[in-house]
Ligand code: SAM
């Protein structure tokens, strides 16, 4: 118990090591790459030349590992409000915590919502890899946060937020799409089957200030196990289905 949440790391014969926070599965060694690759490589490949990246949440290190694969990335700020999660990942999840020592990484142990209130250099990509949108993570899904994120991003910046399941949380997804439209000229949704997250049909909501997120711009390729420029467009909902669902 970190005083903020209950942190568990368990061994599963099928899933390998699993991280749970307050009893909710965050990552399993068996399938975490589907989530981390799709959360990171779609916005990074849509942007094409990201140098400054912000990850909010992500204390297990999986998203950071994926961002650091890009040779064009010069600086990654990881803003995780519970230091004990990073400690647990360092101690028990070596496949995920590989990026904490990278010279390009800067870790801040604070609330991501507060962090964005102090303007820094313009960001190219902002990634919200938080727990479910309740409690400390709730503020990361507010209109005021999206406004701050849009203001913190450069003219061609992209924001991506994990936004729960289309099966179980469709009304929430629709509301987040609506909020994002207040601050981004291009708003879209892509999905990925994630068996270890309750609801499975997982969504990623994306706000873009200039580029169409469905188009791959990244020239240099990065090593992945699942994501590819071919997978990229197919992750997005067909527009007719998007219009029907949203
Ligand atoms: N991949 C997981 C998922 O999709 O559910 C989330 C991974 S990571 C473990 C989520 C992290 O978000 C947790 O470590 C939690 O401490 C952190 N977090 C929650 N609210 C936050 C906030 N407002 N600012 C920064 N980090 C936050």
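In this note's numbering, the protein residues as written are -7 to 238.
Cβ atoms here follow ideal geometry from the backbone N, Cα and C, with glycine treated the same way.
The structure displayed is predicted, hence computed values, not measured ones.
Cut-off 7 Å between Cβ atoms - residues of its own chain near residue i, not counting five sequence neighbours on either side
i           : result
residue 105 : 131, 132 and 137
residue 84  : 1 and 9
residue 210 : 36, 37 and 40
residue 87  : 21
Which of helix, strand or coil DSSP assigns to residue i
i           : result
residue 200 : strand
residue 22  : coil
residue 32  : helix
residue 100 : strand
residue 159 : coil
residue 79  : helix
residue 42  : coil
residue 88  : coil
Cut-off 8 Å between Cβ atoms - residues of its own chain near residue i, not counting five sequence neighbours on either side
i           : result
residue 64  : 41, 42, 43 and 212
residue 134 : 105 and 171
residue -4  : 73, 74, 76 and 128
Whether residue i touches residue j by CB criterion (8 Å)
i           : j           : result
residue 48  : residue 17  : no
residue 191 : residue 160 : yes
residue 187 : residue 52  : no
residue 115 : residue 181 : no
residue 34  : residue 203 : no
residue 152 : residue 158 : no
beta-carbon residue i near the ligand SAM non-hydrogen atom, thresh 7 Å
i           : result
residue 153 : no
residue 48  : yes
residue 144 : no
residue 83  : no
residue 77  : yes
Unbroken beta strand (DSSP E) run spanning residue i, endpoints
i           : result
residue 139 : Careful: residue 139 lies outside any beta strand (DSSP E), inside the alpha helix (DSSP H) at 135 to 144.
residue 184 : 178 to 185
residue 51  : No beta strand (DSSP E) contains residue 51, which DSSP labels as neither H nor E.
residue 9   : 8 to 13
residue -1  : -1 to 4
residue 69  : 67 to 71
Contacting residues, own chain, Cβ-Cβ under 6 Å from residue i (five flanking each side not counted)
i           : result
residue 217 : 25
residue 140 : 108
residue 173 : 179
Limits of the unbroken alpha helix (DSSP H) element including residue i
i           : result
residue 169 : 162 to 173
residue 110 : Counting along the chain, residue 110 falls outside any alpha helix (DSSP H), and DSSP gives it neither H nor E.
residue 224 : 223 to 227
residue 237 : 231 to 237
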